[in-house]
Amino acid sequence: RLLCLGHGLAARTLALLEKQDPALPQRLKKENVMILINLAIGLLTMMGCLIVQVSFSFWSFRYALRQAGEPGGNGLFPGIRTLLLAMVIMMLGNFLQIALWGTLFFWLGEFREFYEAVYHSAVNFTSLGYGDIVMSSERKFLGPLEALNGILMLGLTSAALLGILQHLVKGQQQLHGHRD
Numbered sequence: 094r095l096l097c098l099g100h101g102l103a104a105r106t107l108a109l110l111e112k113q114d115p116a117l118p119q120r121l122k123k124e125n126v127m128i129l130i131n132l133a134i135g136l137l138t139m140m141g142c143l144i145v146q147v148s149f150s151f152w153s154f155r156y157a158l159r160q161a162g163e164p165g166g167n168g169l170f171p172g173i174r175t176l177l178l179a180m181v182i183m184m185l186g187n188f189l190q191i192a193l194w195g196t197l198f199f200w201l202g203e204f205r206e207f208y209e210a211v212y213h214s215a216v217n218f219t220s221l222g223y224g225d226i227v228m229s230s231e232r233k234f235l236g237p238l239e240a241l242n243g244i245l246m247l248g249l250t251s252a253a254l255l256g257i258l259q260h261l262v263k264g265q266q267q268l269h270g271h272r273d
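Numbering (this note's numbering), first residue to last: 94 to 273.
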């Protein structure tokens with residue numbers, strides 16, 4: 094007999110599978126519920142990470158704008174210092190987000206040691222995906238959600254740093270334009 098795989102499993106196919114494995118409908122129901130629970134947990138955590146990211150990005154921008162407006166704030170070395178400190182501020186925000194995910198994994202009981210939870214979180218957040226530590230099958234879906242979140246947040250970090258760099262270059266051009 095052929096499995097009917099049109100837009101989903103047909104009722105006939107489910108009936109055949111249920112004959113082979115009577116516990117299948119219960120397992121499918123439990124898996125669907127866990128996906129929804131993990132999706133809700135992941136999306137809430139992602140929103141928290143976005144708040145952290147935006148806060149640290151604005152903090153970095155304000156710092157860069159203040160530094161550029163101070164006497165002696167323009168120039169190559171002050172500009173590099175400003176960009177480096179802005180990068181450190183935003184990376185601290187990224188580390189805070191990694192710790193947030195790690196705390197979630199630890200709280201959910203996925204890891205016995207906090208260090209392991211944060212390490213696993215860092216591997217997910219940076220999308221390295223070593224695979225040396227794997228979460229339980231019930232919580233595995235949180236890993237890709239964190240990886241997606243990490244890609245987005247690291248992209249926002251890069252964009253913010255580029256914005257600061259553009260602001261510094263614009264300030265340099267205006268400074269040299271007045272001297273010519």
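Even for Gly, the Cβ is constructed at its ideal location relative to N, Cα and C.
Here Trp200 is exposed: its Cβ has fewer than 16 other Cβ atoms, across all protein chains shown, within 10 Å.
Taking one beta carbon from each stretch, the stretch 137 to 147 and the stretch 238 to 250 have 3 or more pairs nearer than 8 Å; the two touch. For the 9 Å CB-CB criterion, Leu249 and Val147 form a contact. Note on geometry: alpha-carbon atoms of Phe234 and Leu132 lie some 8 Å from one another. The stretch 171 to 179 and the stretch 217 to 236 do not touch, with fewer than 3 CB-CB distances between them shorter than 8 Å. For Glu203, the secondary structure class from DSSP, reduced to helix, strand or coil, is coil.
For the pair Phe204 and Ala210, the CB atoms are nearer than the 9 Å cut-off.
Ranked by Cα distance from Arg155, the options Trp194, Ser214, Gly256 and Pro237 are led by Gly256.
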